[in-house]
Amino acid sequence: YQAKRHKLVTRTFEPWMGQAVAEQLHIAKRLAIALANRSLYLHFQPQVDMRTGELIGAEALCRWWDEELGEVSPGQFIPLAEERGMIVALGTCVIDEACRQLGDWQCQGLVLKGQLAINIAADQFDDNDLVSTLLTSCRLNGVAPEALSVEITESGIMTHPEDAIATTEILRSHGMGLSIDDFGTGYSSLAYLKRFSADKIKIDISFIRDMLTSDNDRTIVATIIAMANTLGLQTIAEGIECKAQSEALLAMGCTQAQGYYYDRPLTAEQFAQRWLM
Ligand code: C2E
Ligand code: MG
Ligand code: MG
Ligand code: MG
Numbered sequence: 659y660q661a662k663r664h665k666l667v668t669r670t671f672e673p674w675m676g677q678a679v680a681e682q683l684h685i686a687k688r689l690a691i692a693l694a695n696r697s698l699y700l701h702f703q704p705q706v707d708m709r710t711g712e713l714i715g716a717e718a719l720c721r722w723w724d725e726e727l728g729e730v731s732p733g734q735f736i737p738l739a740e741e742r743g744m745i746v747a748l749g750t751c752v753i754d755e756a757c758r759q760l761g762d763w764q765c766q767g768l769v770l771k772g773q774l775a776i777n778i779a780a781d782q783f784d785d786n787d788l789v790s791t792l793l794t795s796c797r798l799n800g801v802a803p804e805a806l807s808v809e810i811t812e813s814g815i816m817t818h819p820e821d822a823i824a825t826t827e828i829l830r831s832h833g834m835g836l837s838i839d840d841f842g843t844g845y846s847s848l849a850y851l852k853r854f855s856a857d858k859i860k861i862d863i864s865f866i867r868d869m870l871t872s873d874n875d876r877t878i879v880a881t882i883i884a885m886a887n888t889l890g891l892q893t894i895a896e897g898i899e900c901k902a903q904s905e906a907l908l909a910m911g912c913t914q915a916q917g918y919y920y921d922r923p924l925t926a927e928q929f930a931q932r933w934l935m
């Protein structure tokens with residue numbers, strides 16, 4: 659036991675670990691610079707009605723291309739921003755950029771059907787300034803709050819459920835949408851779910867990915883859709899990659915989707931060209 663224990667202790671000091679920490683630190687520094695320069699940007703992925711293929715909204719997804727590091731994926735830099743206390747600043751940039759783009763499209767006479775969804779991390783959902791950040795950005799860019807929707811994960815809501823309930827009510831009172839992202843992967847209780855003023859549930863990609871081959875996943879998807887119907891919530895499936903998935907979902911009563919089968923996240927120009935004209 660002692661030997662094993664000793665081995666474990668020495669392992670903590672292996673050089674690659676120091677390197678990994680140093681690398682994370684370096685990426686965090688580059689991210690801080692990117693935030694200061696406002697060089698993060700957004701891609702836009704359409705959300706469609708699977709029955710008609712028509713646009714019903716879009717999701718804004720943050721992108722970062724760094725001179726030194728190249729393209730860094732949000733799967734890497736979002737958790738890093740959360741760990742290093744940069745997520746509120748990042749989220750504020752995203753809100754501002756989303757509103758600026760919506761205002762820009764409006765000026766060009768382009769209308770986005772439905773709402774533009776913005777991802778909000780747990781720490782920002784807990785931040786007292788969130789509502790005023792959103793409303794101020796809307797006002798400055800001439801965008802109606804009703805043009806926005808907020809995506810928050812279950813864990814984002816469950817850190818301080820009572821505060822989160824209050825925040826969701828304020829957002830909804832201004833006409834903003836509220837979707838629960840990655841639904842099914844967290845641990846939110848049904849009792850709370852009923853009290854959140856959400857209007858939509860996003861079925862997590864992991865269940866969609868395997869629903870055609872796994873009875874379990876198909877049952878989970880069907881259960882989520884049935885539960886959402888009971889609670890009066892809409893459902894949208896994320897990560898639709900083929901026709902068979904859309905057909906299965908339609909048969910279960912889910913009509914909204916987002917995924918490569920319809921289109922990838924696009925630059926603002928591409929999105930406007932393909933979906934707004
Ligand atoms: P998410 O909010 O669940 O976003 C959906 C992710 O699924 C996006 O990944 C999107 O590109 C990807 N996706 C869409 N359709 C398909 C498909 O058919 N197949 C597959 N395999 N993937 C698909 P992305 O852009 O890499 O973002 C990853 C996550 O990073 C997001 O997951 C979200 O949690 C986070 N994120 C992205 N932008 C922001 C942001 O502005 N703020 C915050 N707080 N988080 C963000
Ligand atoms: Mg999302
Ligand atoms: Mg999601
Ligand atoms: Mg996801």
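So the sequence shown is numbered by the UniProt record's numbering: it starts at 659 and just counts up by one. Cβ coordinates follow ideal geometry from the N, Cα and C atoms, glycine included.
Whole-Å CB distance - Ile745 paired with Ala716, under 8 Å assumed: Position 87 of the sequence shown, counted from the first residue, corresponds to residue 745. Position 58 of the sequence shown, counted from the first residue, corresponds to residue 716. Contact doesn't hold; Cβ gap of about 22 Å is too wide.
6 Å CB neighbourhood of His664 in its chain, flanking five on each side removed: Working through the sequence shown from its first residue, we reach residue 664 at position 6. For His664, the pLDDT reaches just 46, beneath the cut-off of 50, and the residue's location in the model is therefore unreliable, although a value from the coordinates is still provided. By the criterion of a C-beta distance shorter than 6 Å, His664 is surrounded by no residue of its chain, once the five residues flanking it on both sides are discounted.
Proximity of Ile776 and Ala718 at Cβ, strictly below 8 Å: As a working mapping, residue 776 is identified with position 118 in the sequence shown. As a working mapping, residue 718 is identified with position 60 in the sequence shown. In contact: Ile776 and Ala718 (Cβ atoms closer than 8 Å).
Residues near Leu798 in its chain [Cβ-Cβ closer than 6 Å; skip 5 each side]: Translated into positions along the sequence shown, residue 798 becomes position 140. Contacts found: none.
Cα-Cα separation between Arg696 and Ala739, rounded to whole angstroms: Reading the sequence shown from its first residue, position 38 is the one you call residue 696. Reading the sequence shown from its first residue, position 81 is the one you call residue 739. Cα to Cα, Arg696 sits roughly 14 Å from Ala739.
Shell residues, 6 Å Cβ cut-off relative to heavy atoms of ligand 3: Asp839, Asp840, Lys860 and Glu896
Contacting residues, own chain, Cβ-Cβ under 6 Å from Ala886 (five flanking each side not counted): Taking the sequence shown and counting its residues from 1, the one referred to as residue 886 is at position 228. Ile859 and Thr893.
Contact under 8 Å by Cβ, Gly814 with Phe783: As a position in the sequence shown, residue 814 is number 156, starting the count at 1. As a position in the sequence shown, residue 783 is number 125, starting the count at 1. Cβ atoms of Gly814 and Phe783: closer than 8 Å.
Near ligand 2: Asn777 beta-carbon under 7 Å from a heavy atom: One-based indexing of the sequence shown puts residue 777 at position 119. The answer is yes for Asn777.
Expected contact under 8 Å - CB spacing of Gln914 and Gln705 to nearest Å: Taking the first residue of the sequence shown as 1, we reach residue 914 at position 256. Taking the first residue of the sequence shown as 1, we reach residue 705 at position 47. Yes, they are in contact, since the Cβ atoms of Gln914 and Gln705 sit about 6 Å apart, within 8 Å.
Three-state class that DSSP yields for Ser855 in the structure shown: One-based indexing of the sequence shown puts residue 855 at position 197. Note: Ser855 maps to coil in three-state DSSP.
Per DSSP, cross-strand counterpart(s) of Gly749: As a first step, residue 749 is located in the sequence shown; it is residue number 91 there, counting from the start. Paired residues: none, contrary to the question.
Entirely enclosed alpha helix (DSSP H) segments - the region 788-839, minimum 4 residues: 788-799, 812-816 and 819-831
Minimum length 3: unbroken beta strand (DSSP E) runs contained in the region 878-935: Listed in chain order, the complete beta strand (DSSP E) runs (minimum 3 residues) inside the region 878-935 are 892-896 and 914-916.
Check whether Ile828 and Glu812 have beta carbons under 8 Å apart: As a working mapping, residue 828 is identified with position 170 in the sequence shown. As a working mapping, residue 812 is identified with position 154 in the sequence shown. No. Outside cutoff.
Delimiting residues of the alpha helix (DSSP H) encompassing Gln766: By 1-based counting over the sequence shown, the position of residue 766 is 108. Where Gln766 is concerned, there is no enclosing alpha helix (DSSP H), given that its DSSP letter is neither H nor E.
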